[in-house]
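Data block below; observations after.
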Amino acid sequence: MTATHPRVVLAYSGGLDTSFALVYLRKSGARVLAITVDTGGFEAAEREVIADRARRLGADEHRWVDARDILYERYLRFLIYANAQKGGLYPFSVSAERTCQAAAVAELAVALGADQIVDAATGAGNDQVRFGVAFAVLAPSLEHRSLIRELGISRDEEAAFLAREGFEEWGRQSRYSVNQGLWGTTIGGGETHDPWQTVPDAVFPGGIVDPARPARSLTIEFRKGDPVPPAACSGPVALIGQLNALGSGYGIGRGIHLGETILGIKGRVVFEAPAAAILIAAHRELEKLVLGGSQSTWKETLGALYGSLVHEGRYFDPLARDLEAFLASSQERVTGQVRCRLEPGRFVIEGVRSPHGLVDAGVACYGESPVLWSGSDAAGFTRIYGVAQRLWARAGGANVEDA
69 MTATHPRVVL AYSGGLDTSF ALVYLRKSGA RVLAITVDTG GFEAAEREVI
119 ADRARRLGAD EHRWVDARDI LYERYLRFLI YANAQKGGLY PFSVSAERTC
169 QAAAVAELAV ALGADQIVDA ATGAGNDQVR FGVAFAVLAP SLEHRSLIRE
219 LGISRDEEAA FLAREGFEEW GRQSRYSVNQ GLWGTTIGGG ETHDPWQTVP
269 DAVFPGGIVD PARPARSLTI EFRKGDPVPP AACSGPVALI GQLNALGSGY
319 GIGRGIHLGE TILGIKGRVV FEAPAAAILI AAHRELEKLV LGGSQSTWKE
369 TLGALYGSLV HEGRYFDPLA RDLEAFLASS QERVTGQVRC RLEPGRFVIE
419 GVRSPHGLVD AGVACYGESP VLWSGSDAAG FTRIYGVAQR LWARAGGANV
469 EDA
């Protein structure tokens, strides 16, 4: 191998951008190893199509990396512990997947002794940061290129280039850009660019939901914060896939997220994440039963911070490891079952139970007589509890009775 024929590892998805990148790199004299990292959303037939496309576009080799278990173990379990949803809505679907994909590509590139590591992120999105940071941390000795950003090329120009090279069928563009993964499907393009518009229901993976579809009940079990797969599932990844398939048919987990991007501009994405919506809602309800008040308050704050680190390309910040330790510790008693019901367009939690539940009717029932204190105890507590507020009001000249 000479300097004019570098060995390049390309993060390859099979879409327009990465297909362009593969052909461009090959024509530039590079030996291209195309790596597709599976973080969910691929059927077996699709895997074959993507691998075949890479070879026909001229890749010297194509490798498929199944990272679904890694995605759960290193990323999703902590997002569940954190009940992490950006803006209280979006479950950080692409955020976790891109970092997981970048890490897998970087580790393989180092192991193979590649000269360059290349992605096809643009200069306007979050992924360029997630890929760039992961590559810099995990493969610091390799030259890194974000090819589309580097060339400043448009998608129309990419399509035209592929057509000239004889690959017109893979240069066609669709109205929407769809990213389907284990933790949800995100949809960009089309109406998403106008914050007043929404996409039609037919665009979602679950399509148009039948309003007459019968309700479906299910019970979600957790053990120390982790969802427990039923006997028919081989593990958490299989359970998440099963919940995605089930919830999608009911239109569960759909939404539109509008918020800040890493670069400081506003971004808008439509998403469908049934498993994330179900698991996070059920997990949060179980935590309400078993965690103390201050635990819940600080966990909500630190969980949101953890989600932000993942979203903003700061997963490798040591603070993320500290937060993971806190989140894991907080799950020690998060064991129990949550009973749920799926209805068209609606997800309802009906009940929750745990051997560590803090609701104890033998102590007191809200609004009814207590056992561990008397009415006079409660009166004294209430009077002392309000002292600071009364002093503040009195200092301002309000007519407050003497303490």
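Residues 69 to 471, numbered by the numbering used here, are exactly what the sequence shown covers, in order. Backbone N, C-alpha and C fix where the C-beta goes; we use that ideal spot for every residue, glycine too.
- Within the model, the alpha-carbon separation for residue 287 versus residue 204 is close to 43 Å.
- By the neighbour-count criterion, in which a residue is buried when 16 or more other Cβ atoms sit within 10 angstroms of its Cβ, residue 145 is buried.
- The C-beta distance from residue 101 to residue 128 rounds to 6 Å, short enough to meet the 8 Å contact threshold.
- Counting only the Cα atoms, residue 449 lies some 57 Å from residue 257.
- By the criterion of at least three beta-carbon pairs nearer than 8 Å, the region 203-220 is not in contact with the region 107-115.
- In the three-state reduction of the DSSP assignment, residue 221 falls in the coil class, being assigned neither a helical nor a strand state.
- At least 9 Å separates the beta-carbon of residue 194 from that of residue 352.
- If the five residues before and after residue 359 are omitted, its C-beta is found closer than 6 Å to no C-beta atom of its own chain.
- A Cβ-Cβ distance of about 10 Å is found for the pair residue 251 and residue 342, leaving them out of contact under the 8 Å criterion.
- Per DSSP, the beta-bridge partners of residue 249 are 252.
- With a 10 Å radius around the Cβ and a threshold of 16 neighbouring Cβ atoms, residue 225 comes out exposed.
- Counted as a single uninterrupted DSSP element, the alpha helix (DSSP H) harbouring residue 460 occupies residues 455-463.
- Considering only 346, 316, 306, 461, the residue with the shortest C-alpha distance to residue 157 is 346.
- The shortest CA-to-CA distance from residue 99 to any of 126, 87, 369 is the one to 126.
- Here residue 411 really is in contact with residue 283; their C-beta atoms are around 5 Å apart, less than 8 Å.
- The DSSP assignment places complete alpha helix (DSSP H) segments of no fewer than 4 residues inside the region 78-108 at 84-95, in order along the chain.
- Residue 318 carries a coil assignment under DSSP once its states are collapsed to helix, strand and coil.
- The C-beta separation of residue 277 from residue 318 comes to about 6 Å, placing the pair in contact by the 8 Å criterion.
- Between residue 305 and residue 137 a beta carbon distance of about 6 Å is seen, short of the 8 Å cut, so the two are scored as contacting.
- By the Cβ-count criterion, residue 355 is buried, with 16 or more other Cβ atoms from all chains shown falling within 10 Å of its own Cβ.
- Residue 72 is not a Cβ neighbour of residue 381, given a cutoff of 9 Å.
- Counting other Cβ atoms within 10 Å of its Cβ, residue 163 reaches 16 or more and is therefore classed as buried.
- Linking residue 320 to residue 369 through their CA atoms gives a straight-line distance of about 26 Å.
- With three or more CB-CB distances shorter than 8 Å, the region 391-410 counts as touching the region 287-300.
- Residue 76 carries a strand assignment under DSSP once its states are collapsed to helix, strand and coil.
- Spatial neighbours of residue 272 in its own chain (CB-CB distance under 7 Å, excluding positions within 5 residues in sequence) are listed in chain order as 322, 340.
- Annotated three-state conformation of residue 383 is coil, per DSSP.
- By the criterion of at least three beta-carbon pairs nearer than 8 Å, the region 112-124 is not in contact with the region 175-189.
- The straight-line gap separating the alpha-carbon atoms of residue 385 and residue 249 is approximately 24 Å.
- In its chain, beyond the 5 residues on either side, 334, 335 have a beta carbon closer than 8 Å to the beta carbon of residue 328.
- Only buried fits residue 398, as 16 or more other CB atoms lie within 10 angstroms of its CB.
- If the five residues before and after residue 76 are omitted, its C-beta is found closer than 8 Å to the C-beta atoms of 93, 98, 99, 100, 101, 182, 183, 184, 185, 186, all from its own chain and listed in chain order.
- Here the alpha carbon of residue 253 sits roughly 6 Å from the alpha carbon of residue 247.
- Taking C-alpha positions only, residue 149 is separated from residue 465 by approximately 47 Å.
- For the beta strand (DSSP E) assignment, the uninterrupted runs of no fewer than 3 residues enclosed by the region 320-383 are, from N- to C-terminal side, 322-328, 334-340.
- Setting aside the 5 residues that flank it on each side, residue 74 is surrounded in the same chain by 98, 183, 184, each with a C-beta closer than 6 Å to its C-beta; the list follows chain order.
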